[in-house]
Amino acid sequence: MSVISSWIKNARSVALPQSALPALVAIFFAAGSDSFSLTLSVFALLGVMSAHLGANLWDDYFDLKKNDSSYRDRLASNGIRARIAKCDYIQDGRATVKQLFVAASLFSLFALLMGAIVLVFRWDQRVNLLIIVLITAFLSLSYSAPPLRLSYIGLGEITLGIIFGPLLMQGVSIAAAGTTTVPGLIISCIVGILVINILYTHAVMDFEADRSIHKNTLAVVLNNQKWITFFSTLFIFSPFVLIVCFVLLNMLPPIFLITLWILPIAISLFRSILAFQKDPSSPISRRWYHFPMERWKEITRAGIDWFMLRWYSARNLVLFFCLTYVGIALFYTI
């Protein structure tokens with residue numbers, strides 16, 4: 044395995060659909076514009092993906108600065124069910140913290156290079172692009188880095204929803220076509236909620252582990268099972284409600300109701316979260332509708348299938364929504 048591919052894996056490339064798919068949705072809807080540029084779209088997509096990988100590594104770096112890499116193993120040994128695979132490349136000696144810093148910096152610099160190229164060719168949109176880039180950079184670093192550490196004060200989920208929803212998709216739309224639309228903004232907000240759900244589902248499963256290290260995710264801040272369940276309901280099902288409402292208000296065309304086919308998968312995820320809250324050790328089986336779920340044998344051997352099945356299910360909601368949006372974009376221009 045090459046150095047680059049190993050660091051892409053270390054940066055949790057399994058989560059790349061979280062950024063790449065919203066970007067592709069923005070590109071496909073922008074393709075109907077007279078000012079559309081495929082080349083700038085590719086640069087924007089590469090920049091988004093590189094920034095995502097860099098942000099994941101920065102998250103690891105600042106988490107390691109606050110807690111050493113073995114803290115999840117200690118939690119597991121104390122009877123707290125925790126996902127213990129994070130930063131395994133540090134724990135097993137494949138990389139050092141210094142190398143992690145360098146890798147995170149290089150991914151971030153490549154993203155800046157892609158952004159700079161887009162900026163040169165979309166100079167008329169420089170103010171909008173710079174505002175989006177600066178806000179995104181600030182929120183990305185503040186997610187784990189001091190002094191704000193937003194992920195430690197219950198704002199991490201909302202922060203990433205804003206980044207991977209409105210900021211990402213509006214930025215890519217400007218890069219691809221030099222403009223944005225109201226329907227595009229609505230779609231980006233819906234995608235943002237689905238991204239929030241990925242992080243929130245993660246936080247619900249890591250509730251005890253996060254609370255023990257004083258990482259105040261939204262679930263830990265709520266600290267009440269009824270409220271935790273309420274927000275799971277909100278984040279999983281509100282995208283469907285919003286689509287119906289915006290169609291009824293004639294702000295989205297009826298074709299967007301096609302996304303309702305994903306509702307049964309959302310219900311399955313919600314039921315699995317309820318089962319986890321009732322009994323974290325309850326067995327869970329992978330069904331045909333849970334696919335795609337990459338590296339499943341490796342995940343099972345690591346003993347984190349209980350975590351990853353639910354995480355994949357939350358991620359796949361974003362996957363299926365975005366693929367449906369791409370299909371719509373082939374026949375409809377917003």
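Going left to right, the sequence shown walks through residues 44 to 377 as our numbering numbers them. C-beta: ideal position from N, C-alpha, C; glycine also.
Counted within 10 angstroms of its Cβ, other Cβ atoms place Gly204 as buried (16 or more) or exposed
buried
As a quick exercise: from Ser325, Phe319, Asn171 and Trp354, pick the residue whose alpha carbon is nearest that of Phe334.
Trp354
Could you tell me the alpha carbon to alpha carbon distance between Phe105 and Thr302, rounded to whole angstroms?
37 Å
In whole angstroms, what separates the C-alpha of Phe207 from that of Leu306?
22 Å
Beta-carbon gap between Met336 and Ile327 smaller than 9 Å:
no
Evaluate Tyr368 with the Cβ neighbour count: other Cβ atoms within 10 Å of its Cβ, from every protein chain shown; 16 or more gives buried, anything less gives exposed.
buried
What's the C-alpha gap between Trp304 and Ile286?
12 Å
Between Ala98 and Asn240, how many whole angstroms is the CB-CB distance? I'm expecting something under 8 Å.
Between Ala98 and Asn240, the beta carbon gap of about 18 Å keeps them out of contact (Cβ cut-off 8 Å).
Alpha helix (DSSP H) segment containing Ala154, residue limits:
Looking at the DSSP string, the run of the alpha helix (DSSP H) that includes Ala154 is Val140 to Phe164.
Of all the options Val161, Asp103 and Thr202, which has the alpha carbon lying nearest to the alpha carbon of Gln134?
Asp103
For the alpha helix (DSSP H) containing Pro226, list its first residue and its last residue.
Element bounds for Pro226: Val225 to Met248.
Among Val85, Ala54 and Arg55, whose alpha-carbon lies nearest the alpha-carbon of Val68?
Val85
For Asn259, list the residues DSSP reports as bridge partners.
Ile196
Given Arg329, which residues of its chain have a CB within under 8 Å of its CB, disregarding the five upstream and five downstream residues?
Met336, Trp339, Asp348 and Leu352
Buried or exposed: where does Arg344 fall if 16 or more other Cβ atoms within 10 Å of its Cβ makes it buried?
With fewer than 16 other beta carbons inside 10 angstroms of its own, Arg344 counts as exposed.
Do you know offhand how far Ile271's Cα is from Ser325's?
19 Å
Between Tyr375 and the rest of its own chain, which residues show a CB-CB distance below 7 Å, the 5 nearest in sequence each way excluded?
Result list for Tyr375: Pro296 and Ile298, in chain order.
Please report how far the alpha carbon of Ser194 lies from the alpha carbon of Ala218, in whole angstroms.
29 Å
Whole-angstrom distance between Ile230 and Ala309, CA atom to CA atom:
18 Å
Flag this pair as yes or no: are the beta carbons of Ile160 and Leu81 separated by less than 9 Å?
no
Do the CB positions of Val91 and Gly214 come within less than 9 Å of each other?
The Cβ-Cβ distance between Val91 and Gly214 falls below 9 Å.
Using a Cβ-Cβ cutoff of less than 8 Å, which residues in the same chain neighbour Val225 once the five nearest sequence positions on both sides are dropped?
Met294
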